[in-house]
Amino acid sequence: MAYDKDWAKVDPSTLPDIKVPPPGPRSRELHSRAEKFMKGYSSQVKLFPVAFESGHGVTLTDVDGNRYIDFSSGIYVTNLGHCHPKVVEYIQKHTATLMNCHDYTTEVKALFLEKLASHTPGNLNGIQMYCSGTEAVEAGMRAARAHTNKHEFFSFYGDFHGKTMSAVSLTEVANFTTGPRAPGHHMAPNGHCYRCHFNKVYPECNLFCVDALEKQIKMEGTDNIAAVVLEPIQGWNGSIVYPDGYIPKIRKMCDRLGILLIVDEVLTCCARTGKFWCVDHYDVEPDIIIMGKGMANGFPCTAFAIKDDYTEVLEKISASTSYGGNPMAAAAGLASLEVIEEENLVERSAKLGSFILDKLLKMKDNHKIIGEVRGKGCLLGMELVKDQETREPFIDAGNRVYQKAFSRGLAWIPARQNLRMSPPLIMEEELAARALEIIDDSITEVEKEYGY
Ligand SMILES: Cc1ncc(COP(=O)(O)O)c(C=O)c1O
Numbered sequence: 194m195a196y197d198k199d200w201a202k203v204d205p206s207t208l209p210d211i212k213v214p215p216p217g218p219r220s221r222e223l224h225s226r227a228e229k230f231m232k233g234y235s236s237q238v239k240l241f242p243v244a245f246e247s248g249h250g251v252t253l254t255d256v257d258g259n260r261y262i263d264f265s266s267g268i269y270v271t272n273l274g275h276c277h278p279k280v281v282e283y284i285q286k287h288t289a290t291l292m293n294c295h296d297y298t299t300e301v302k303a304l305f306l307e308k309l310a311s312h313t314p315g316n317l318n319g320i321q322m323y324c325s326g327t328e329a330v331e332a333g334m335r336a337a338r339a340h341t342n343k344h345e346f347f348s349f350y351g352d353f354h355g356k357t358m359s360a361v362s363l364t365e366v367a368n369f370t371t372g373p374r375a376p377g378h379h380m381a382p383n384g385h386c387y388r389c390h391f392n393k394v395y396p397e398c399n400l401f402c403v404d405a406l407e408k409q410i411k412m413e414g415t416d417n418i419a420a421v422v423l424e425p426i427q428g429w430n431g432s433i434v435y436p437d438g439y440i441p442k443i444r445k446m447c448d449r450l451g452i453l454l455i456v457d458e459v460l461t462c463c464a465r466t467g468k469f470w471c472v473d474h475y476d477v478e479p480d481i482i483i484m485g486k487g488m489a490n491g492f493p494c495t496a497f498a499i500k501d502d503y504t505e506v507l508e509k510i511s512a513s514t515s516y517g518g519n520p521m522a523a524a525a526g527l528a529s530l531e532v533i534e535e536e537n538l539v540e541r542s543a544k545l546g547s548f549i550l551d552k553l554l555k556m557k558d559n560h561k562i563i564g565e566v567r568g569k570g571c572l573l574g575m576e577l578v579k580d581q582e583t584r585e586p587f588i589d590a591g592n593r594v595y596q597k598a599f600s601r602g603l604a605w606i607p608a609r610q611n612l613r614m615s616p617p618l619i620m621e622e623e624l625a626a627r628a629l630e631i632i633d634d635s636i637t638e639v640e641k642e643y644g645y
């Protein structure tokens, strides 16, 4: 399909365009109607209860007519921009042709699988398709259990892997569960250098945290541990990028102990971090890789891939679901992967991301409450602290800066003292610079409010 390559172009001087102080009256009215029934909104909605009407490319429009710069991509989802014409066309075609035929083969599914397998690392070509990240994580865990005949897992402090029972048991976020994590799910301190759990300093530490992980795994008994599950960059925990060597050292440890390595790339896959997969930054090949979010630019379509030589386990855990791999989802995935290739989005993500990270680093020099800025490609973040020496988290400031920037027209993602940025990979630098000015001004105002 031919589409105008400039379909998402915007004049940066016209954005954001705030006509009514948001959340405006229509937003408030709609939100209060929805909220009567829908309980448990995320903190980002609670802190800024706006209602959206449409999205186009790198912009979002709310129901009061305000236009925002999108620095969130849904939540790391609409990487190609909202309503990318190729994705829309493919989904529309398959919506009008065949919506569902259980797990029978369709041409579009075959095309999608071939395209995806051309991108998966090494020989990770055994694939199953699902509809949410958490389902794909659980399916990957089931595959690990089927292959190893072991049933326990290790994940890391601060991880987020979804909200079904096993996936949520891999997360640290206690309030998503209604009690203790399911048995057999262990958590270990992660390699979070800014807040080292062992009070050590990288690189002199020689990645002591991985040695400690190995010790903890051995104490639990390697006979039962099927896999280590890892977010290669922690999203929910505040865009935590691990030090070089950390993920390769975990890979080696898993090999030594005979444990699988499952890398959860639901958030980091498909060019988000400036490589197709985040593990490509570290030359690491997982045993199982999980993908979602940006893989289909907003249509529910997720998957996991496992090594060819393990595919007997895929027979054991059956790929059949009501919706996984339906023609509309496969079409959205196929279109998205084609666009990533055609529009060189891996390179563009790396370039835009380093432009933003440079500006964030300069911003940090001018603000007392920025403790750390971090990111890879277009997965970025900053952490606010009360004092750069003590690094005490500044949660109130995180919430206030989020709200202030949003009210000025920047749609983005809070996480307590952390602020997360995930622009569509197609954003022009000039517009990203405008977004960063909004963040800078909002931090200045909040610093004044708190007497810095
Ligand atoms: C790393 C990671 N894994 C899994 C999930 C769960 O995905 P979903 O919300 O599609 O179930 C998320 C969601 O944010 C995620 O960030």
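Converting from the sequence shown to this note's numbering requires adding 193 to each position, the first position being numbered 1. Backbone N, C-alpha and C define an ideal beta-carbon position, used for all residues, glycine too. The structure displayed is predicted, hence computed values, not measured ones.
Buried or exposed by the 16-neighbour rule on C-beta atoms within 10 Å, applied to residue i
i, result
"C664", "Limits of the chain in this structure are 194 at one end and 645 at the other, which puts residue 664 out of reach."
"S311", "exposed"
"F346", "buried"
"M231", "exposed"
"N592", "buried"
"M334", "buried"
"G372", "exposed"
"D437", "exposed"
"L291", "exposed"
"S362", "buried"
"F349", "buried"
"P278", "buried"
"K509", "exposed"
"T207", "exposed"
"S511", "exposed"
"A464", "buried"
"R260", "buried"
"H344", "exposed"
"E424", "buried"
Check: residue i C-beta below 7 Å from any heavy atom of ligand 1
i, result
"G267", "no"
"F469", "no"
"W646", "In the structure displayed, the chain extends from 194 to 645; residue 646 sits before or after that span and is not available."
"F353", "yes"
"E365", "no"
"D457", "yes"
"E331", "no"
"G372", "no"
"S235", "no"
"S359", "no"
"W429", "yes"
"L545", "no"
"S325", "yes"
"L460", "yes"
"G570", "no"
"E535", "no"
"G485", "yes"
"E582", "no"
"E300", "no"
"E622", "no"
"E407", "no"
"E585", "no"
"E478", "no"
DSSP beta-bridge partners of residue i
i, result
"R613", "G574 and I606"
"E565", "E576"
"P586", "V578"
"H379", "F347"
"F548", "Answer is none; F548 lacks a bridge partner."
"T495", "Y323"
"H249", "T252"
"D210", "R260"
"L460", "L460 pairs with nothing; no bridge assigned."
"I455", "V422 and I481"
**Prompt:** Are the stretch 549 to 565 and the stretch 435 to 448 touching, with three or more C-beta to C-beta distances below 8 Å?
**Reply:** Touching, no, given that fewer than three Cβ pairs across the two stretches are closer than 8 Å.
**Request:** Examine the Cβ distances between the stretch 470 to 479 and the stretch 573 to 580 and report whether three or more of them are shorter than 8 Å.
**Result:** Result no; under three Cβ-Cβ pairs closer than 8 Å.
**Item:** Completely contained beta strand (DSSP E) runs for the stretch 258 to 295, where each covers 3 or more residues
**Value:** If only uninterrupted beta strand (DSSP E) runs of at least 3 residues are considered, those enclosed by the stretch 258 to 295 are 260 to 263.
**Asked** Does the stretch 596 to 616 touch the stretch 524 to 531, meaning 3 or more C-beta pairs lie closer than 8 Å?
**Response** Taking 8 Å as the limit for Cβ pairs, the verdict is that the stretch 596 to 616 does not touch the stretch 524 to 531.
**Prompt:** Is the stretch 233 to 243 touching the stretch 277 to 292 in the sense that three or more CB pairs, one from each, lie closer than 8 Å?
**Reply:** Segments in contact, no.
**Message:** Three or more C-beta pairs under 8 Å: does that hold for the stretch 236 to 246 against the stretch 201 to 211?
**Reply:** With a cut-off of 8 Å, the stretch 201 to 211 and the stretch 236 to 246 do not count as touching, because too few Cβ pairs lie within range.
**Prompt:** Is the stretch 398 to 406 close to the stretch 535 to 550, with three or more CB pairs under 8 Å?
**Reply:** Inter-segment contact for the stretch 398 to 406 and the stretch 535 to 550 is absent: fewer than three beta-carbon pairs are separated by less than 8 Å.
**Message:** If contact is defined by three or more beta carbon pairs under 8 Å, each pair taking one atom from either stretch, is the stretch 451 to 462 in contact with the stretch 217 to 232?
**Reply:** Output reads no: the stretch 451 to 462 does not touch the stretch 217 to 232.
**Prompt:** What are the complete alpha helix (DSSP H) segments, minimum 4 residues, inside the stretch 367 to 436?
**Reply:** The stretch 367 to 436 contains these whole alpha helix (DSSP H) runs: 401 to 413.
**Prompt:** Can you find at least 3 beta carbon pairs, one from the stretch 458 to 468 and one from the stretch 407 to 416, that sit closer than 8 Å?
**Reply:** With fewer than three CB-CB distances shorter than 8 Å, the stretch 458 to 468 does not count as touching the stretch 407 to 416.
**Request:** Spell out a yes or no on whether the stretch 480 to 493 and the stretch 516 to 526 are touching, meaning 3 or more CB-CB pairs, one atom from each, closer than 8 Å.
**Result:** The count of Cβ pairs closer than 8 Å, one atom from the stretch 480 to 493 and one from the stretch 516 to 526, reaches three, so the stretches are in contact.
**Request:** State whether the stretch 476 to 483 contacts the stretch 298 to 305, with contact taken as three or more CB pairs (one from each stretch) at a distance under 8 Å.
**Result:** When Cβ pairs closer than 8 Å are counted between the two stretches, the stretch 476 to 483 is seen not to touch the stretch 298 to 305, the count staying below three.
**Asked** Do the stretch 352 to 362 and the stretch 385 to 396 touch if we need at least three Cβ pairs shorter than 8 Å?
**Response** By the Cβ test, the stretch 352 to 362 is not in contact with the stretch 385 to 396, since fewer than three Cβ pairs between them sit closer than 8 Å.
**Item:** Any 3 or more C-beta pairs closer than 8 Å across the stretch 303 to 318 and the stretch 381 to 390
**Value:** Cβ pair count under 8 Å is below three, so no.
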